Each structure stands twice: as C-alpha cells, then as structure tokens.
Amino acid sequence: MLNSDTRAWTEIDLSKISHNVEEVRKLIPSTSKIMAIVKANAYGHGDVACAKELVKCGIDFFGVSSIDEAVNLRENGIKEEILILGYTPPIHFPLLVKYNILQTFVSLEYAQKANAFAKAYDVVIRGHVKVDTGMSRIGIICQDHEYHIDDVVNVYRLPNLDVCGIFSHFSVSDYLDEENKRFTENQIKLFDRVLDDLRHVGIEPGTKHLQNSYGILNYPDLKYDYVRPGLLWMGVTSDDAIEIRTNPDFIPILSWKANVSLVKQIQPGVSVSYGRHFKASETRKVATVAIGYADGFPRCVSNKGYQVLIHGQYAPIIGNVCMDQMMIDITGIEDVKEGDIVTIVGNDGDKQIKIDELSRLANTINNETLCWIASRVPRIYK
Numbered sequence: 001m002l003n004s005d006t007r008a009w010t011e012i013d014l015s016k017i018s019h020n021v022e023e024v025r026k027l028i029p030s031t032s033k034i035m036a037i038v039k040a041n042a043y044g045h046g047d048v049a050c051a052k053e054l055v056k057c058g059i060d061f062f063g064v065s066s067i068d069e070a071v072n073l074r075e076n077g078i079k080e081e082i083l084i085l086g087y088t089p090p091i092h093f094p095l096l097v098k099y100n101i102l103q104t105f106v107s108l109e110y111a112q113k114a115n116a117f118a119k120a121y122d123v124v125i126r127g128h129v130k131v132d133t134g135m136s137r138i139g140i141i142c143q144d145h146e147y148h149i150d151d152v153v154n155v156y157r158l159p160n161l162d163v164c165g166i167f168s169h170f171s172v173s174d175y176l177d178e179e180n181k182r183f184t185e186n187q188i189k190l191f192d193r194v195l196d197d198l199r200h201v202g203i204e205p206g207t208k209h210l211q212n213s214y215g216i217l218n219y220p221d222l223k224y225d226y227v228r229p230g231l232l233w234m235g236v237t238s239d240d241a242i243e244i245r246t247n248p249d250f251i252p253i254l255s256w257k258a259n260v261s262l263v264k265q266i267q268p269g270v271s272v273s274y275g276r277h278f279k280a281s282e283t284r285k286v287a288t289v290a291i292g293y294a295d296g297f298p299r300c301v302s303n304k305g306y307q308v309l310i311h312g313q314y315a316p317i318i319g320n321v322c323m324d325q326m327m328i329d330i331t332g333i334e335d336v337k338e339g340d341i342v343t344i345v346g347n348d349g350d351k352q353i354k355i356d357e358l359s360r361l362a363n364t365i366n367n368e369t370l371c372w373i374a375s376r377v378p379r380i381y382k
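Here is the structure:
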C-alpha cells in the first residue's frame, strides 16, 4: 500500500477505545466512574478526537494539565467536566470562569489568590483541592511527618470558591515489592484520614479520586468516586514487563508508520549515517525511511538492534538515526521500493512491534515515548 499524503504518520483506531474503557470498568467497583486523562494531547494520540470518542463511551469527566488544553477541548465541543490537574497562572483565572473549567487548588496560598480574584470580579471559581500524601509534587502536605489538615479545611471555607472535590496521587503504585506496597497503602490511609477529618468538622469532601492507571491495575477495589486512567484507555501500560495484580485485555489504539524514500545497495566496507557506526561486512541492501528524531523517534536507540517491519518482515535500523531520516537493512526482503510502508510500531501481517519494545530500548516508559511523537507527524483517525 502506498501512502502518498505524508512521509510519516500515526494511525489511531478510535474504535478500540470503547473496548479499553470497558476493560477499565471491569476492574473497578460499579460505583466508581472514569475521569479520562487526555493531557499532553492525549499522550500524543490527539486530545479532541479521542475525547469525542470517549464521550460516546459514557465518559463525563476529563483531566488535562493546563488551561490551554482545557480551552482547546471546550472550543472543540467537549461539554463534560474538565479538571486542570496542575497549575494555572493567575492571569488566566478569567478563562476558568468563561469556560467553566475546574482548577486544582495546589496550596492554600494559591486558593486564596483564586478566591481574591473571584471576589473582585463577583464570580465563583470551581475546583478540586489537591492533597500531597507522598508524591511531594503539588498539593497541601498531608503526610505522616507533616499534616496540614487546617489548610485543607481553610480552602474549603473560602467564600468565593466552589471546592467540589479532592484528590491525591500515587507515586509508586506500579511497584509491588513490600516496601512500596506499604508506602502506597499508607497514601490510601492518609487520604482517607483527610476525608474523615473534613467530615468531622462538617465539610463534605465532594468528588473523591486517587487512582492513576497503576492504582487501577493494582488497587482496583478502592471505592472512590472516580479513577484516572491515562494510558489504559489507549490500550497500553507504562511497560508491559511491569508486574500487575490484574489481567486486563487492552488493545493498543496507535500505530506509527513511515514511507521508504530510497532503496540502494552498498558494498563491503561502506559506512552508514553519522559517526560511521555501521560498516557493511558484505554487500547489503539498504532502505532509507522518512522518519527521524525530529518526528519523535528516539536517536538514543541507534545501533541497539531495534527492528521495524516492512513487507511483513523484520528489518533492523543501521547507523545513527538522523533528524528526518533513518536507514534499515532490508537484505533478503524482496521488492522493497520507494513509497513502501514501514511499520515503526504496530502490526504488519502476523507480526507486531509494541511501543514497549521501543521504550525499553530507549530506557524510558511508554508515557514519554508516546509524548515524543512530534506535532509534524499527522494523526490519521480510523
């Protein structure tokens, strides 16, 4: 098949999202709902297209990282609740009101700034308060060594805010060794303590959520109002080699492909690409592929044996990955020509390359590898 429209692209199979959402629902209590995390352009998958498909699956809540991501969803027709999971500069507080977006109150001082703005302009800012039970990133510290429940109470009591929810975040829910299990279980205990202490002073906490993707996979029985899957509805985990307590049947929705731009034969002793790290020991057939590190394919996997698929067969990358191109050894693969499709991640015939393979070779996790895929790489929706 010849793709004449672009040199490199991803294909996103939206029809598989509903399957993955149902796999998440099978894991969690029937009383819990799903807040789909679509930050960072849905981890490179395309936030608007995926959010619209998620709405069809019954999703009524989305999590993003910034005001611009939230506004983009609103301006593209997403009417469901949207929570900004991180910091919004106070200069953008008017947008929270204009677009009816929930803001995370990352500290008492930050909440007071939001309250002052809301009072000055006679509006109400809605949001959830974040409590830090062990991540030590953002949120009001509520840990064993330092427990600021008074700050949490004071946020709820600010008169010009509608604090309609509360959450925290796991830091090691993907580790199942005893030490890290104890740490995660203590985070749960601390979060529950905060909820109890709020109720003790007459405050109803509102919408409660704690579990990220690995929190869902390894602690599925927690009965909070929402869970927050990111990668899971995309059909992958951070690394399929990581042990989990459950056995979901996720299907990846993303494939990554590129075109062959040139086929050539090189002679013994000829080197390939920058640095001359590959030298042919015998006559080889080489294809140049129109994708490189500016497209998000990691240069750090150069000369490490990563293989792509072409004509249903594996072909290793040789030499250093360049900014816009890379070379593969197609010796023994018949009839390869300009315009042929190379599968970087995905299926070709009965063979598959998983994003996990690329991430492990790059010494990272799928979250990062997917976010690397550059904006100049078109997303084609099926």
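Taking the UniProt record's numbering, I'd label the letters of the sequence shown as residues 1 to 382. Virtual Cβ for every residue (Gly too), placed ideally from N, Cα, C. Nothing here was measured: the structure is a model prediction, and the numbers come from that model.
Buried or exposed (CB count within 10 angstroms, at least 16 for buried), residue i
{"i": "Thr104", "result": "buried"}
{"i": "Gln265", "result": "exposed"}
{"i": "Asp249", "result": "exposed"}
{"i": "Gly134", "result": "buried"}
{"i": "Val342", "result": "buried"}
{"i": "Ser4", "result": "Because the pLDDT of Ser4 is 47, which lies under 50, any placement of that residue in the model is unreliable, and the number read from its coordinates should be weighed accordingly. By the neighbour-count rule (16 or more Cβ atoms within 10 Å), Ser4 is not buried but exposed."}
{"i": "Lys382", "result": "exposed"}
{"i": "Arg245", "result": "exposed"}
{"i": "Ile12", "result": "buried"}
{"i": "Val201", "result": "exposed"}
{"i": "Met1", "result": "Unreliable placement is indicated for Met1, whose pLDDT of 40 sits below 50; the coordinate value is still reported in the next sentence. Burial call: exposed."}
{"i": "Ile28", "result": "buried"}
{"i": "Ser30", "result": "exposed"}
{"i": "residue 387", "result": "This structure does not reach residue 387, given that the chain is present from 1 up to 382, and the question cannot be answered."}
{"i": "Pro89", "result": "exposed"}
{"i": "Arg199", "result": "exposed"}
{"i": "Thr283", "result": "exposed"}
{"i": "Ile78", "result": "buried"}
{"i": "Ser15", "result": "exposed"}
{"i": "Arg126", "result": "buried"}
{"i": "Ile216", "result": "buried"}
{"i": "Ser136", "result": "exposed"}
{"i": "Lys26", "result": "exposed"}
{"i": "Lys208", "result": "buried"}
{"i": "Asp340", "result": "buried"}
{"i": "Asn363", "result": "exposed"}
Residue i and residue j closer than 9 Å at C-beta
{"i": "Ile330", "j": "Lys285", "result": "yes"}
{"i": "Thr237", "j": "Asn366", "result": "yes"}
{"i": "Asn186", "j": "Asp225", "result": "no"}
{"i": "Ile101", "j": "Glu80", "result": "no"}
{"i": "Val227", "j": "Val260", "result": "no"}
{"i": "Asp295", "j": "Ala374", "result": "yes"}
{"i": "Lys194", "j": "Ile138", "result": "Position check: residue 194 holds Val in this sequence, whereas Lys was assumed. The answer is no: Cβ separation not under 9 Å."}
{"i": "Val123", "j": "Val97", "result": "yes"}
{"i": "Val345", "j": "Leu358", "result": "yes"}
{"i": "Gly292", "j": "Gly319", "result": "no"}
{"i": "residue 394", "j": "Pro229", "result": "Since the first and last residues shown for the chain are 1 and 382, residue 394 lies out of range."}
{"i": "Gly86", "j": "Ser107", "result": "no"}
{"i": "Ala45", "j": "Ile253", "result": "Checking the sequence, you will find His at residue 45 rather than Ala. Contact: yes."}
{"i": "Val24", "j": "Leu232", "result": "yes"}
{"i": "Asn20", "j": "Val48", "result": "no"}
{"i": "residue 386", "j": "Pro316", "result": "This structure cannot settle anything about residue 386, because the visible part of the chain is limited to 1 through 382."}
{"i": "Tyr54", "j": "Ile17", "result": "The sequence shown places Leu at residue 54, not Tyr. For Leu54 and Ile17, yes; Cβs fall inside 9 Å."}
{"i": "Ser70", "j": "Phe93", "result": "In the sequence under discussion, the amino acid at residue 70 is Ala, which differs from the Ser named in the question. Against a cut-off of 9 Å, the Cβ pair of Phe93 and Ala70 comes out as no contact."}
{"i": "Ala280", "j": "Pro268", "result": "yes"}
{"i": "Met234", "j": "Cys57", "result": "no"}
{"i": "Tyr219", "j": "Ser173", "result": "yes"}
{"i": "Phe170", "j": "Tyr121", "result": "no"}
{"i": "Tyr156", "j": "Ile203", "result": "yes"}
CB-CB length for residue i against residue j, believed under 8 Å
{"i": "Leu361", "j": "Val301", "result": "5 Å"}
{"i": "Val131", "j": "Cys142", "result": "5 Å"}
{"i": "Gly222", "j": "Ser168", "result": "In the sequence under discussion, the amino acid at residue 222 is Leu, which differs from the Gly named in the question. That belief does not hold up - the Cβ atoms of Leu222 and Ser168 are roughly 12 Å apart, past 8 Å."}
{"i": "Phe62", "j": "Val38", "result": "5 Å"}
{"i": "Cys371", "j": "Tyr43", "result": "6 Å"}
{"i": "Val336", "j": "Val263", "result": "6 Å"}
{"i": "Trp9", "j": "Ile380", "result": "5 Å"}
{"i": "Asn115", "j": "Leu158", "result": "4 Å"}
{"i": "Asp196", "j": "Asp356", "result": "Their Cβ separation, rounded to whole angstroms, is 40 Å, which puts Asp196 and Asp356 out of contact at 8 Å."}
beta-carbon residue i near the ligand NAD non-hydrogen atom, thresh 8 Å
{"i": "Ser302", "result": "With respect to the ligand NAD, the structure shown offers nothing to examine, as it has no ligands at all."}
- Message: So, does the segment 187 to 197 touch the segment 154 to 164, judging by three or more C-beta pairs under 8 Å?
- Response: no
- Segment contact, 8 Å Cβ cut-off, at least three pairs: the segment 344 to 358 with the segment 307 to 317: yes
- Along the chain, which unbroken stretches of the beta strand (DSSP E) at least 3 residues long are found entirely within the segment 123 to 202? The qualifying runs are 125 to 132, 161 to 167.
- Query: Counting only runs that start and end within the UniProt domain "Alanine racemase C-terminal" (253 to 382), where is the alpha helix (DSSP H) found for 4 or more residues in a row?
  - Reply: 355 to 361, 366 to 372
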